[in-house]
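**Student:** Below is one structure. I have some questions about it.
Residue numbers (my numbering): 29 to 376.
Written out as structure tokens, the structure reads:
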């Protein structure tokens, strides 16, 4: 009888190995890539804008101010106003920075320009103060205002005074006297005689009248009093005393320049100018005489001319005769030899 062989029972270990076969590597890689793509897609979908919103361009938002007007409403963009204000502030800031940069250091004092100061004083129409005696302050003919001085020109203020027999009437008088080197001739007789006659005329004035004294050579030198403006002054007692001291302090030197002194006197607006000189040369030209005449007409000024000389009589070609004739004045020639020796001036 044949014996049947039964196959051997499988080993449990072999059965387990059959149930869990080893997974190949490509499948793992595929799974990893799939999950990465899935997560990326979800992130993109979540970050995308809602449907229909689209991408918008940035726009500037401003504030408009409305001005209610009768016919219409006016809209003004506040940004324009702000920009204008900023521009103005920047311009002011830039200017301030420029000034600050140009300014000298705080502790540095600039040098004094003496020539510039003197030139400015000579050009300035503002009156200056001084002692009237000390120094040689000289101002040009434009250094005085042509407006009428206070006090008016009423008949109650008028008087008549004279210089070497030439009379002038009014309430405002200016004495324009030569002090050039030629006045030192004949032992200084011309200057002494002029001073004496000037002081005598001043003493006839009262506090109702006004006066000024201008001695001149190449430049005019007016009478200046401390604490008072340089111009016409009332003939008060104290002022007259200072004026006489000023006359006594004058010395003669330098050249002769007539026009600037006459122009200075005319700008003060006097009623009368007494003009005294011993110089026929330099002559005033025709154009200079015409300009003086125009100024005198505007100011209502009469100009009297007194000429010193050493001849018995004047010549017929003296410009001083023409000056007086054109300005409603008198011309008078003084022979110095007839004066003798003037007495010294008594100063009160």
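Think of the CB as a built atom: it goes at the ideal place given N, C-alpha and C, for glycine as much as any other residue.
Owing to the predicted nature of the structure, the values given are computational and were not obtained by experimental measurement.
Just to confirm before moving on: does the CB-CB distance between residue 300 and residue 330 stay below 7 Å?
**Tutor:** The residue given as residue 300 occupies position 272 in the chain shown. The residue given as residue 330 occupies position 302 in the chain shown. The answer is yes: Cβ separation under 7 Å.
**Student:** Enumerate, from N- to C-terminal direction, the unbroken alpha helix (DSSP H) stretches of 4 or more residues contained entirely within the segment 316–373.
**Tutor:** 347–354
**Student:** Pick helix, strand or coil for residue 206, following the three-state DSSP scheme.
**Tutor:** Residue 206 sits at position 178 when you count from the first residue of the chain shown. It is a strand residue.
**Student:** Give every residue of the same chain whose Cβ lies closer than 6 Å to the Cβ of residue 195, excluding the five residues on either side of it in the sequence, and list them in chain order.
**Tutor:** Working through the chain shown from its first residue, we reach residue 195 at position 167. Once the five neighbours on either side are set aside, the close Cβ partners of residue 195 are 188.
**Student:** Express the C-alpha separation of residue 314 and residue 347 in angstroms, rounding to a whole number.
**Tutor:** In the chain shown, counting from the first residue as 1, residue 347 sits at position 319. In the chain shown, counting from the first residue as 1, residue 314 sits at position 286. Taking the straight line from one Cα to the other gives about 9 Å.
**Student:** Residue range of the beta strand (DSSP E) that residue 310 falls in?
**Tutor:** On the chain shown, position 282 is the one that residue 310 refers to. No residue range can be given for residue 310, since it is assigned to no beta strand (DSSP E) and is classified by DSSP as neither H nor E.
**Student:** So, for residue 214: in the same chain, excluding its five sequence neighbours on each side, which residues have a beta-carbon less than 8 Å away from its beta-carbon?
**Tutor:** Here residue 214 corresponds to residue number 186 of the chain shown, with the count starting at 1. Around residue 214: 338 and 364.
**Student:** Helix, strand or coil for residue 215? Go by DSSP, reduced to three states.
**Tutor:** Taking the first residue of the chain shown as 1, we reach residue 215 at position 187. In the structure shown, residue 215 sits in a helix (DSSP, three-state: H, G or I).
**Student:** How many angstroms separate the CA atom of residue 241 from the CA atom of residue 302?
**Tutor:** Looking up residue 241 in the chain shown gives position 213. Looking up residue 302 in the chain shown gives position 274. Spanning the two alpha carbons is a distance of roughly 10 Å.
**Student:** Just how far apart, CA to CA, sit residue 297 and residue 327?
**Tutor:** The count along the chain shown starts at 1 and reaches residue 297 at position 269. The count along the chain shown starts at 1 and reaches residue 327 at position 299. Distance between the alpha carbons of residue 297 and residue 327 is about 5 Å.
**Student:** What would DSSP say about residue 260, mapped onto helix, strand or coil?
**Tutor:** Numbered from its first residue, the chain shown carries residue 260 at position 232. Residue 260: coil per DSSP, three-state reduction.
**Student:** Do you know offhand how far residue 387's Cα is from residue 278's?
**Tutor:** No answer is possible for residue 387: the residues shown for the chain start at 29 and end at 376.
**Student:** Could you give the residue range of the beta strand (DSSP E) that holds residue 303?
**Tutor:** The residue given as residue 303 occupies position 275 in the chain shown. 300–305 is the span of the beta strand (DSSP E), which, as asked, contains residue 303.
**Student:** Using CA coordinates, which residue listed in 361, 369 and 225 is at the minimum distance from residue 276?
**Tutor:** The residue labelled residue 276 in the question sits at position 248 within the chain shown. Per the C-alpha coordinates, the member of 361, 369 and 225 positioned closest to residue 276 is 225.
**Student:** Going by DSSP in three states, residue 297 sits in which element: helix, strand or coil?
**Tutor:** As a first step, residue 297 is located in the chain shown; it is residue number 269 there, counting from the start. Looking at residue 297 - three-state DSSP - the assignment turns out to be coil, as it is neither helix nor strand.
**Student:** When you compare only the Cα positions, how much space is there between residue 322 and residue 355?
**Tutor:** Position 294 of the chain shown holds residue 322. Position 327 of the chain shown holds residue 355. Pairing residue 322 with residue 355, the inter-Cα distance amounts to about 9 Å.
**Student:** From 65, 218, 312 and 202, pick the residue whose C-alpha is nearest to that of residue 261; which is it?
**Tutor:** Indexing the chain shown from 1 puts residue 261 at position 233. It is 202.
**Student:** Would you mind giving the Cβ-Cβ distance between residue 251 and residue 274, rounded to the nearest angstrom? I have them listed as a contact below 8 Å.
**Tutor:** Along the chain shown, one-based indexing puts residue 251 at 223. Along the chain shown, one-based indexing puts residue 274 at 246. Correct: roughly 5 Å between the Cβ atoms.
**Student:** Buried or exposed: where does residue 62 fall if 16 or more other Cβ atoms within 10 Å of its Cβ makes it buried?
**Tutor:** For the purposes of this step, residue 62 is identified with residue 34 of the chain shown, where counting begins at 1. With fewer than 16 other CB atoms across the displayed protein chains lying within 10 angstroms of its CB, residue 62 is exposed.
**Student:** Would you kindly work out how many angstroms separate the C-alpha atoms of residue 192 and residue 255, rounded to a whole number?
**Tutor:** Start at 1 with the first residue of the chain shown, and residue 192 comes out as number 164. Start at 1 with the first residue of the chain shown, and residue 255 comes out as number 227. Cα to Cα, the separation comes out at about 32 Å.
**Student:** According to DSSP, is residue 239 part of a helix, a strand, or is it coil?
**Tutor:** As a first step, residue 239 must be located in the chain shown, where it is residue number 211. Residue state, collapsed to three classes: strand.
**Student:** Helix, strand or coil: which one does DSSP assign to residue 231?
**Tutor:** In the chain shown, the residue the question calls residue 231 occupies position 203. Coil.
**Student:** Under 7 Å between the Cβ atoms of residue 334 and residue 360?
**Tutor:** What you label residue 334 is simply residue 306 of the chain shown in a count that begins at 1. What you label residue 360 is simply residue 332 of the chain shown in a count that begins at 1. Yes, Cβ-Cβ distance for residue 334 and residue 360 is below 7 Å.
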